[in-house]
Amino acid sequence: MSSMKIKKGDMVKVIAGKDKNKEGKVIAVNHKDNTLLVEGINMVTKHAKPSMANQQGGILHQENKIDASNVMLLHNGTATRVGFKMDGDKKVRYAKKTGEVID
1271 MSSMKIKKGD MVKVIAGKDK NKEGKVIAVN HKDNTLLVEG INMVTKHAKP
1321 SMANQQGGIL HQENKIDASN VMLLHNGTAT RVGFKMDGDK KVRYAKKTGE
1371 VID
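Each residue of the sequence shown is one higher than the one before, counting from 1271 in my numbering.
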């Protein structure tokens, strides 16, 4: 199984689906399902019953997962594909558009 090219905290741009061309920050990454939670993207309404944690209950608006193939990493404001290369003895991500090391 290949490693995920997008990490928590990265800025991404949606390239497919109802939120196409929107940008957001990655909140969570699920390696098993190859999905992401992105801030403000793929919003859904959830009806919650009152509970101890949520006394009021009611209708909640929250992010739903989005497939990793539907987003591209933003590096310096431009969407780019991500590759891996060895930097000395360390494996690093780099932007394929510019060749710059991301982290």
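Just so you know, even glycine gets a beta-carbon here, dropped at the ideal spot from N, CA and C.
Checklist entry - In angstroms, rounded to a whole number, what distance separates the CA positions of Lys1302 and Gly1328? => result 31 Å
Item to check | the stretch 1285-1298 contacting the stretch 1341-1351, beta-carbon criterion three pairs below 8 Å | outcome: yes
Next on the checklist: Output needed for Asn1312: all residues of its chain with C-beta closer than 8 Å, excluding positions within five of it in sequence on either side, in chain order.
Outcome noted: Gly1287, Lys1288, Asp1289, Glu1333, Asn1334, Lys1335, Ile1336
Item to check | Close beta carbons around Tyr1364, own chain, < 8 Å, minus the five adjacent residues each side | outcome: Val1352, Gly1353, Phe1354, Lys1355, Glu1370, Val1371, Ile1372
Checklist entry - In the structure shown, what three-state DSSP assignment does Ala1323 receive? => result In the structure shown, Ala1323 adopts coil according to DSSP, grouped into three states.
Checklist entry - How is Asn1340 classed by DSSP in three states: helix, strand or coil? => result It is helical.
Next on the checklist: Within the continuous beta strand (DSSP E) that includes Met1281, where are the two ends?
Outcome noted: 1281-1284
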